[in-house]
Structure formats: structure tokens, C-alpha cells
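J.: Input: one structure, supplied below.
There are 2 protein chains.
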Amino acid sequence: MTTIKTQGAAALPLNAILDGDCIEVMNGLPEASVDLIFADPPYNLQLKSQLHRPDNSQVDAVDDHWDQFASFSAYDRFTRDWLKAARRLLKPNGAIWVIGSYHNIFRVGTALQDAGFWILNDVVWRKSNPMPNFRGKRLTNAHETMIWASKGEGARYTFNYEALKSLNEGVQMRSDWVLPICTGHERLKDENGDKAHPTQKPESLLHRILVGASNPGDVVLDPFFGTGTTGAVAKMLGREFIGIEREAAYREVAGKRIAKVRKYDRDALQVTASKRAEPRIPFGQLVERGLLRPGEQLFSMNQRHKAKVRADGTLVGGDVKGSIHQVGAALENAPSCNGWTYWCFQRDGKKVPIDVLRQQLRAEME
Amino acid sequence: MTTIKTQGAAALPLNAILDGDCIEVMNGLPEASVDLIFADPPYNLQLKSQLHRPDNSQVDAVDDHWDQFASFSAYDRFTRDWLKAARRLLKPNGAIWVIGSYHNIFRVGTALQDAGFWILNDVVWRKSNPMPNFRGKRLTNAHETMIWASKGEGARYTFNYEALKSLNEGVQMRSDWVLPICTGHERLKDENGDKAHPTQKPESLLHRILVGASNPGDVVLDPFFGTGTTGAVAKMLGREFIGIEREAAYREVAGKRIAKVRKYDRDALQVTASKRAEPRIPFGQLVERGLLRPGEQLFSMNQRHKAKVRADGTLVGGDVKGSIHQVGAALENAPSCNGWTYWCFQRDGKKVPIDVLRQQLRAEME
DNA sequence: GGTCCTCCTGAATCCGGGA
DNA sequence: GTCCCGGATTCAGGAGGAC
Chain V
608 MTTIKTQGAA ALPLNAILDG DCIEVMNGLP EASVDLIFAD PPYNLQLKSQ
658 LHRPDNSQVD AVDDHWDQFA SFSAYDRFTR DWLKAARRLL KPNGAIWVIG
708 SYHNIFRVGT ALQDAGFWIL NDVVWRKSNP MPNFRGKRLT NAHETMIWAS
758 KGEGARYTFN YEALKSLNEG VQMRSDWVLP ICTGHERLKD ENGDKAHPTQ
808 KPESLLHRIL VGASNPGDVV LDPFFGTGTT GAVAKMLGRE FIGIEREAAY
858 REVAGKRIAK VRKYDRDALQ VTASKRAEPR IPFGQLVERG LLRPGEQLFS
908 MNQRHKAKVR ADGTLVGGDV KGSIHQVGAA LENAPSCNGW TYWCFQRDGK
958 KVPIDVLRQQ LRAEME
Chain H
608 MTTIKTQGAA ALPLNAILDG DCIEVMNGLP EASVDLIFAD PPYNLQLKSQ
658 LHRPDNSQVD AVDDHWDQFA SFSAYDRFTR DWLKAARRLL KPNGAIWVIG
708 SYHNIFRVGT ALQDAGFWIL NDVVWRKSNP MPNFRGKRLT NAHETMIWAS
758 KGEGARYTFN YEALKSLNEG VQMRSDWVLP ICTGHERLKD ENGDKAHPTQ
808 KPESLLHRIL VGASNPGDVV LDPFFGTGTT GAVAKMLGRE FIGIEREAAY
858 REVAGKRIAK VRKYDRDALQ VTASKRAEPR IPFGQLVERG LLRPGEQLFS
908 MNQRHKAKVR ADGTLVGGDV KGSIHQVGAA LENAPSCNGW TYWCFQRDGK
958 KVPIDVLRQQ LRAEME
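Printed below as a string of C-alpha cells:
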């Protein structure tokens with residue numbers, strides 16, 4: 608594979624990484640020629656200062672020049688422009704996926720709707736291993752959002768319902784996907800051993816999108832190609848790809864990467880096989896769900912101790928506060944304690960272990 | 608509790624369900640008087656039949672694209688208007704939560720940002736028991752999206768980090784929340800046994816929001832009150848609420864519902880506090896109080912460094928002088944250091960963290 | 001080779017009270 | 001309003017070395 612320059616609107620260069628600004632390059636390609644677009648545009652993060660982990664190490668932030676926009680309206684203009692060019696390339700029954708975070712995804716969704724795209728689903732990528740919130744000032748930002756849209760209302764988009772159902776152990780695929788972020792050997796490094804691209808997406812994510820929303824032989828366009836995850840997975844799965852990337856360094860990494868990919872790599876297919884562990888139920892959820900009330904008394908199995916439930920799912924017993932496990936351990940003067948089997952509550956005059964409530968919640972989740 | 612009509616901008620009616628259009632009612636309330644807003648705005652506006660373009664021409668229902676555009680812009684206008692009224696009511700350090708689905712949440716998010724709100728997180732409510740997609744044409748729509756935003760950048764919003772961490776078994780609360788939809792006897796029914804409201808939210812969702820983003824005694828406003836889940840949970844948790852609802856039937860159901868709710872005990876509402884809230888103890892006080900003697904040696908936790916206490920509560924270590932934090936940071940060559948957890952002193956041959964002495968002083972102060 | 005332990009890292013709008 | 005500086009803050013998982 609080689610990097611090809613565009614040459615007018617005549618030909619559609621397949622399995623190539625095109626050099627240039629994505630809007631100009633797209634405008635040079637023939638219209639209605641693409642089946643699927645996957646786009647991972649800049650998020651416009653607007654980071655203010657440096658962030659350190661509690662161990663004082665510094666977080667390697669996404670501060671690249673390509674993520675800088677002067678204002679929301681500048682970002683909106685950029686979004687409308689590339690969406691317009693992308694829409695022109697799409698076949699009437701084609702579809703688009705765009706990924707983003709809360710910084711940009713609302714602007715993107717609005718622009719999609721205004722441009723006439725018809726949203727089919729918003730899909731949440733729930734990261735199994737996100738970066739924590741180091742300062743404890745917000746919720747852990749543990750997901751990103753993808754928007755899946757057809758070219759217009761009533762279009763006959765591709766959706767491989769059964770394939771996704773099999774990927775999900777025989778149950779309908781839901782709009783929330785739990786997948787790990789891209790780390791380890793899959794994460795591409797430069798010659799210094801640093802990450803080659805700050806925001807490389809996992810192949811498992813693209814695998815699921817391409818299996819579910821395209822067919823073998825389809826043409827898949829990625830206007831923000833980066834290090835080419837879309838191209839690599841497209842090649843594995845027997846789809847044709849077109850990548851557009853303006854940074855030479857990314858194009859080079861992507862080219863080498865894709866050259867090594869073999870079609871129908873079995874390992875890649877296994878990535879998405881989900882393993883189902885027994886769901887962890889926080890005790891606090893019993894309180895949120897009203898199965899136990901704040902202020903309610905719990906009793907130890909051995910009847911020696913009692914404690915009161917608080918609104919945040921902690922207990923107070925004597926002068927000890929903490930989780931069901933911590934308070935149990937403290938009252939028993941033991942190094943540890945399984946609060947689930949230690950505590951009971953009272954219902955209709957009878958003592959019932961709180962673990963019964965956990966089982967109840969687990970059963971509901973199936 | 609009774610339904611109260613608004614009477615000019617003078618009084619703030621608490622724990623009342625106000626009758627009327629939420630924008631008009633909000634404009635009649637005093638500004639900067641509300642701590643938290645939870646909003647579940649409608650998105651099935653069913654405007655299509657009576658829809659007019661800005662120039663008052665009738666929308667041609669045949670022209671899908673125009674119809675769609677006009678309908679989005681009408682929705683945007685409605686969104687901007689109620690957000691503007693809501694923003695006026697919010698205290699400077701107040702915050703807002705808005706919930707929606709892919710039909711409207713992108714419009715809402717864009718309008719929030721344009722109005723000057725500062726997004727803190729987008730939070731995904733992952734439904735453990737969603738309605739399946741019967742036709743198999745899309746992914747099961749298994750989540751809704753909430754946006755949490757402060758009144759502006761730099762505002763000091765309320766976030767009970769430790770309480771949410773407790774609710775989640777001791778690990779940081781993430782931006783994806785797994786909770787079931789509202790069913791069973793929590794789901795309110797009308798006299799015919801039909802559901803009283805089409806989109807009643809589960810109390811567990813509001814419980815988590817109010818525990819995490821408000822304090823007891825705070826004023827919580829819900830401009831689209833419906834059957835009053837916000838009011839019911841606010842009452843349980845010792846928050847004051849203001850509901851606005853224009854449908855008499857919903858107001859009645861909500862009023863009866865909330866009347867039956869009992870507030871939890873005051874001590875059950877206490878929530879695990881952050882360490883930041885504890886009184887500050889200057890290190891010098893340990894020296895003044897004789898817990899540490901001038902000239903005494905301190906040792907770093909990692910045993911690599913030592914320093915000597917001076918009479919004014921500063922340390923000397925090597926050629927570095929300054930506070931416990933400054934000397935620790937300098938010796939470790941780190942941007943910052945928590946001296947309380949970094950330094951130990953020696954007693955009876957054992958190393959003891961100096962933080963133990965701080966705890967001792969704090970205990971005495973109670 | 002297996003197991004244990006340490007170190008490193010990831011799309012991040014990440015502090016606040018008192019002078 | 002600004003400035004200073006005390007001091008609070010992390011989860012999952014992979015790589016690689018030690019034994």
C-alpha cells in the first residue's frame with residue numbers, strides 16, 4: 608500500500624491513505640461513493656493547566672495543535688464543513704459514526720441533525736479501565752459517546768442484527784458497549800517508545816462497528832485517520848478503506864501498521880468476545896434502590912452489635928463509621944469482615960441477612 | 608403540602624408544586640435563589656401540525672427536510688428560553704442536571720454551552736432492564752444521557768465525592784450509572800391502572816444525584832415536575848424542593864405521593880465528609896503544644912531523607928528550609944508534597960506518622 | 001516457567017481558603 | 001479582585017524485573 612495524492616474527482620482510491628486537509632480531499636472524491644464513514648474528529652478539550660497524579664507523576668495531556676479551536680463557533684463551523692463534505696460522499700443508504708466526549712459531542716450531534724442526517728442510536732463506549740479523576744472533583748470520565756446516523760430519514764442503512772446478537776452471547780446488542788481502552792502491544796509507539804498518537808482507538812471498537820454496520824466489500828471512509836485503526840480493522844474484515852490524514856508522521860505509522868495486517872485475523876475476532884463476571888453490587892445501591900432506608904438499624908448475625916444505615920451507604924455503629932465491612936471488622940475487633948454475611952435487617956419481626964437483598968438485585972440484572 | 612400560585616418575585620415558595628408554564632413561573636421567582644436544578648424536559652413536542660417558520664409561513668409537511676429543520680429550531684428556541692429562565696434562578700455556585708435521549712440531548716447540550724453553563728460531566732444512565740428493540744432494526748436503546756453543568760466556568764459547585772465513593776463500595780463513582788427503570792409499585796398508576804406518567808424516573812437516580820450534588824437544606828428546583836420524583840426524593844433526603852408542572856393531573860398525583868413520603872432521620876442524612884472539610888491544624892501547633900520538640904528529627908516515609916524541627920514549625924533538611932510540605936517537595940524533587948503523610952517521628956524505637964498527632968489535636972477540638 | 005512485585009500510563013475542560 | 005501556599009487526590013491492567 609502506498610500513500611496516494613488525490614487527482615481530481617474521477618477515481619476513488621481504495622485502501623489508500625490520502626494526504627491533506629480532510630474537507631479538501633473529500634471534495635475531490637466522487638460523490639455517493641462511500642458506504643460507511645467512521646469519524647474521530649478533534650474533541651476541542653480546552654485544557655487549562657497541567658494535571659498530576661497523587662503520586663506526583665504528570666499526566667500526558669492531549670495538547671496537540673490540531674485540537675485547538677478559538678471558540679465554540681469556530682468548532683461548529685469546522686464541524687458543519689467536514690460533515691457537509693462527508694455527506695456528499697455518502698451513498699444514499701450509507702451511514703456515519705462519529706465519536707466524541709462531552710466537550711464536543713453535543714455540537715456534533717446538533718450539526719448532524721441540522722445537516723439532515725437521521726440519528727439511529729447514540730452508542731456509549733463504557734471504558735473498563737478509564738483514567739481516574741485524580742483530584743476527586745468530578746465523576747470519573749469513564750465513557751465516550753458515538754452517534755450512528757443514516758444519510759436521512761427513511762434511508763435503508765446496513766444493520767447486521769444477528770451478527771451483533773451473536774457477538775453478545777445471543778442477546779440483542781445494546782446501546783452501551785463495555786470495551787477496554789487501547790493499551791499494551793496494540794498501542795502503537797514511535798521510535799522513542801512514546802505513544803505514536805495520543806488518542807488511538809481500540810480495534811475492538813471498530814470491529815464491532817464494522818461487523819454491525821457494514822458488509823464485506825463495502826467502502827469505509829475515515830476522514831481523521833490518525834494511526835489507522837479503521838483501516839487496519841477494515842482490512843482484517845475484508846472491507847475497503849479510504850483514510851485521510853494531514854500529519855505525515857501519523858500516515859507513516861498507519862501505513863506500516865496496515866501493511867502488517869492480515870485479512871480475517873482470528874485473534875482480532877476474539878477481542879470482542881465478552882466475558883461475563885458476576886456483577887459487583889455496591890451496598891449503597893440497596894439504599895438508593897429503597898431496599899434499605901437511611902436510618903434503618905442493622906444487626907450483627909451474632910446479635911452482639913447494631914449499626915445504622917446512612918444515605919451514602921455507610922454505617923454508623925457506636926463511634927465507628929464506614930462501609931459495612933469496615934464497621935463489622937471494627938466492632939468485632941477483627942482484621943476484616945464480610946459485611947454481606949455479617950449484617951441482618953428486620954422485616955416482619957424476623958432477621959434477614961442483607962445478602963438476600965444483593966441476590967435479589969443480581970437476579971434483576973440478568 | 609398544597610399547590611401554591613406564584614405571587615410576584617417576592618417570596619420563594621418551598622416544598623410546593625407551582626401551577627403553570629415553567630418559563631413564566633420561573634421568571635416570577637427571585638433570582639439566584641436555587642442551589643440545584645434537575646430538569647427532564649419534554650422532547651415529543653408534537654409541534655409539527657401547528658408549526659410556523661420564524662417568518663410565520665406555514666410549514667409544508669410534505670417537505671421533510673424543511674419540516675425537520677423548523678421543528679429543530681422550534682425545539683432549540685424552547686430550550687434556550689427555559690434554560691435562560693433557569694439560569695437566572697440559580698445561585699452563582701449552583702448546578703443543573705438535564706436528562707434526555709439522542710432525540711434532544713444534543714440540542715440541550717449545545718444550548719447549555721451557548722448559555723454559558725460549564726459542563727462538568729455527561730452521565731450515562733445505563734438501564735438494567737430496557738425495553739428491547741422489537742423490530743431488530745437498531746441497537747436496543749438501553750441508556751439515557753444526563754448533563755451535569757455548573758453555572759459557569761470556575762464556579763464552586765457542590766460535589767460530595769466521598770459520599771458517592773461510599774455508594775460505590777469505596778471506588779470513585781464513574782460517569783456510567785447502572786440502575787433499573789421505574790417499575791413495580793414505585794411506578795405510579797392512575798385510577799384506571801394505567802401509568803400516571805409516561806416517563807417517570809426512578810427514585811434511585813434522583814437519590815444519587817441529590818446525595819452527590821447537593822446538601823441537606825439546599826433548594827432543589829424541578830421545572831418539569833411530572834409526578835414529582837424529584838420532590839419525593841428531596842423530601843426524603845432533607846432538601847427543600849420547588850416543582851413546576853402545568854398538567855393538573857400530574858400535580859395532583861405528585862402532591863399525594865409526596866405527602867406520604869417521610870424524611871429520614873437527621874443523622875442518617877449525614878454523609879461521609881471529605882478531609883478538606885476538617886479543621887486546619889498548622890504544623891507549628893504541634894511544636895507549640897509540645898507534641899514535637901524543636902531539634903527533633905523527622906524521617907521521610909521512604910526512609911531516604913531526614914529533617915530537623917525548628918521552633919517556628921519549619922523544617923531544615925539538607926540545605927532546604929521551609930514548611931513540612933516545601934521541604935518534602937524539595938527533597939523529593941516533586942511539584943508538591945503532603946508533609947502530613949510524608950514525615951514520621953520516632954517514639955519508643957518506632958516510626959510514627961506525624962499525621963497521628965494532627966488527628967490527636969483534632970479530636971481534642973471536638 | 002511461574003509467581004510476585006514494582007512501575008508506568010490512559011481524550012482530563014481536576015483546589016480553595018485566607019491574606 | 002489577586003496572590004500565596006497548604007495539602008488533598010487514583011483505578012485497571014500491562015510490561016518487565018526479581019526470585
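For the protein sequence lines, the chains are V and H, in the order given. With the first letter of the first sequence counted as 1, position 361 gets the number 968 in our numbering; the numbers rise by one all the way through. With the first letter of the second sequence counted as 1, position 195 gets the number 802 in our numbering; the numbers rise by one all the way through. Cβ coordinates follow ideal geometry from the N, Cα and C atoms, glycine included. This one's a predicted model, so the numbers in the text were calculated from it and none came from an experiment.
(1) In chain V, what lies closer than 9 Å to residue 716 (chain H) by C-beta?
(2) Nearest to residue 623 (chain H) by alpha carbon, out of H:802, H:858, H:631, H:777?
(3) If the cut is a Cβ gap below 8 Å, which residues of chain V does residue 684 (chain H) touch?
(4) Do you know how far the Cα of residue 649 (chain H) is from the Cα of residue 879 (chain V)?
(5) Is the beta carbon of residue 820 (chain V) less than 8 Å from the beta carbon of residue 755 (chain V)?
(6) Can you tell me which residues form a DSSP beta bridge with residue 954 (chain V)?
(7) Are the segment 636-645 of chain V and the segment 686-705 of chain V touching, with three or more C-beta to C-beta distances below 8 Å?
(8) May I ask which residues mark the beginning and end of the beta strand (DSSP E) holding residue 810 (chain H)?
(9) Which first and last residues belong to the alpha helix (DSSP H) in which residue 680 (chain V) is found?
(10) Closest by CA to residue 809 (chain H), which one among H:823, H:790, H:634, H:798?
(11) If the criterion is Cβ atoms closer than 8 Å, does the pair residue 787 (chain V) and residue 736 (chain V) meet it?
(12) Out of H:913, H:920, H:706, H:892, point me to the one whose CA is closest to residue 966 (chain H)'s CA.
(13) Taking a cut of 7 Å between CB atoms, which residues from the segment 771-803 of chain H lie near chain V?
(14) Using a Cβ-Cβ distance under 8 Å, would residue 731 (chain V) count as near chain H?
(15) Under 8 Å between C-beta atoms, does residue 726 (chain H) make it to chain V?
(16) Kindly indicate if chain V contains any beta-carbon less than 8 Å away from that of residue 932 (chain H).
(17) Within 10 angstroms of its Cβ, does residue 831 (chain H) collect 16 or more other Cβ (buried), or is it exposed?
(18) Would you check if the distance between the CB atom of residue 757 (chain V) and the CB atom of residue 750 (chain H) is smaller than 8 Å?
(19) Strictly under 8 Å for the Cβ-Cβ distance: is residue 767 (chain V) near chain H by that measure?
(20) When you compare only the Cα positions, how much space is there between residue 838 (chain H) and residue 827 (chain H)?
(21) In angstroms with no decimal places, state the Cα-to-Cα distance between residue 721 (chain V) and residue 679 (chain H).
(22) Only counting the same chain, and skipping five residues up and downstream in sequence, which positions put a Cβ closer than 6 Å to that of residue 687 (chain V)?
(23) Three or more C-beta pairs closer than 8 Å, one from the segment 839-847 of chain H and one from the segment 859-874 of chain H: is that the case here?
(24) Using 8 Å as the threshold, is the C-beta distance between residue 660 (chain V) and residue 666 (chain V) below it?
(25) Quick check: the Cα distance between residue 811 (chain V) and residue 843 (chain V), rounded to an integer number of angstroms?
(26) Within the same chain, show all residues whose beta-carbon is closer than 7 Å to that of residue 921 (chain V), passing over the 5 residues directly before and after it, in chain order.
(27) If residue 956 (chain H) and residue 938 (chain H) are in contact, beta carbons under 8 Å, what's the gap, nearest whole angstrom?
(28) Within 10 angstroms of its Cβ, does residue 707 (chain V) collect 16 or more other Cβ (buried), or is it exposed?
(29) Could you pull out every residue in the same chain whose Cβ sits closer than 6 Å to the Cβ of residue 968 (chain V), ignoring the five residues on either side in sequence?
(30) Sorted by chain position, which residues of the same chain lie with C-beta nearer than 8 Å to residue 961 (chain H)'s C-beta, five sequence neighbours on each side aside?
(31) To the nearest angstrom, report how far apart residue 743 (chain H) and residue 647 (chain H) are at their CA atoms.
(32) Starting from residue 943 (chain V), trace the alpha helix (DSSP H) both ways and give me its first and last residue.
(33) Could you give the distance in angstroms between the alpha-carbon of residue 854 (chain H) and the alpha-carbon of residue 881 (chain H)?
(34) Quick one: residues in its chain with C-beta nearer than 7 Å to the C-beta of residue 958 (chain V), no 5 flanking neighbours on either side, listed in chain order?
(35) Could you spell out where the alpha helix (DSSP H) holding residue 892 (chain V) opens and where it closes?
(36) Buried or exposed for residue 621 (chain V), please, with buried defined as at least 16 other CB atoms from any protein chain shown within 10 angstroms of its CB.
T.: The answer reads as follows:
(1) Chain order gives the chain V residues near residue 716 (chain H) as 709, 712, 713, 714, 716, 717, where near means a beta carbon separation below 9 Å.
(2) Closest option to residue 623 (chain H), judged by alpha-carbon separation, among H:802, H:858, H:631, H:777: H:858.
(3) What residue 684 (chain H) touches in chain V: nothing, since even the nearest Cβ is about 14 Å away.
(4) Residue placement at residue 879 (chain V) is flagged as unreliable, the pLDDT there being 37, under the threshold of 50; a coordinate-derived value is accordingly withheld.
(5) In this structure, residue 820 (chain V) lies near residue 755 (chain V), with their beta-carbon atoms less than 8 Å apart.
(6) According to DSSP, residue 954 (chain V) bridges with V:957.
(7) These segments touch.
(8) Residue 810 (chain H) -> not in any beta strand (DSSP E); alpha helix (DSSP H) instead, spanning 810-820.
(9) 679-696 is the extent of the alpha helix (DSSP H) around residue 680 (chain V).
(10) It is H:790 whose Cα lies nearest to the Cα of residue 809 (chain H).
(11) Contact: yes.
(12) When only C-alpha atoms are compared, the closest one is H:892.
(13) Within the segment 771-803 of chain H, 773, 774, 775, 776, 777, 779, 780, 781, 782, 783, 787 place their CB atoms closer than 7 Å to a CB of chain V, listed in sequence order.
(14) Yes, residue 731 (chain V) lies at the interface with chain H (some Cβ there is under 8 Å from its Cβ).
(15) Yes, residue 726 (chain H) lies at the interface with chain V (some Cβ there is under 8 Å from its Cβ).
(16) Not an interface residue.
(17) It is buried - the Cβ of residue 831 (chain H) has at least 16 other Cβ atoms within 10 Å.
(18) No. Outside cutoff.
(19) Under the Cβ distance rule, residue 767 (chain V) does not count among the residues neighbouring chain H, no pair being separated by less than 8 Å.
(20) If I take the Cα positions, the gap works out to 8 Å.
(21) Their backbone Cα atoms lie some 8 Å apart in a straight line.
(22) Result list for residue 687 (chain V): 718, in chain order.
(23) Taking 8 Å as the limit for Cβ pairs, the verdict is that the segment 859-874 of chain H does touch the segment 839-847 of chain H.
(24) Taking 8 Å as the Cβ cut-off, residue 660 (chain V) and residue 666 (chain V) qualify as a contacting pair.
(25) Between residue 811 (chain V) and residue 843 (chain V), the alpha-carbon positions lie close to 12 Å from each other.
(26) 928, 929, 930.
(27) Taking C-beta atoms under 8 Å as the contact rule, residue 956 (chain H) and residue 938 (chain H) fail to qualify, at a distance of about 24 Å.
(28) So residue 707 (chain V) ends up on the buried side.
(29) Correct list, in chain order: 888.
(30) Same-chain partners within the cutoff: 890, 893, 899, 905, 931, 946, 947, 950, 951, 952.
(31) Whole-angstrom Cα-Cα distance: 28 Å.
(32) Premise fails: residue 943 (chain V) is in no alpha helix (DSSP H) and is neither H nor E.
(33) It is roughly 41 Å from the alpha-carbon of residue 854 (chain H) to the alpha-carbon of residue 881 (chain H).
(34) Only 906, 951 meet the Cβ criterion.
(35) Run containing residue 892 (chain V): 890-895, per the alpha helix (DSSP H) assignment.
(36) Flag for residue 621 (chain V) reads exposed.
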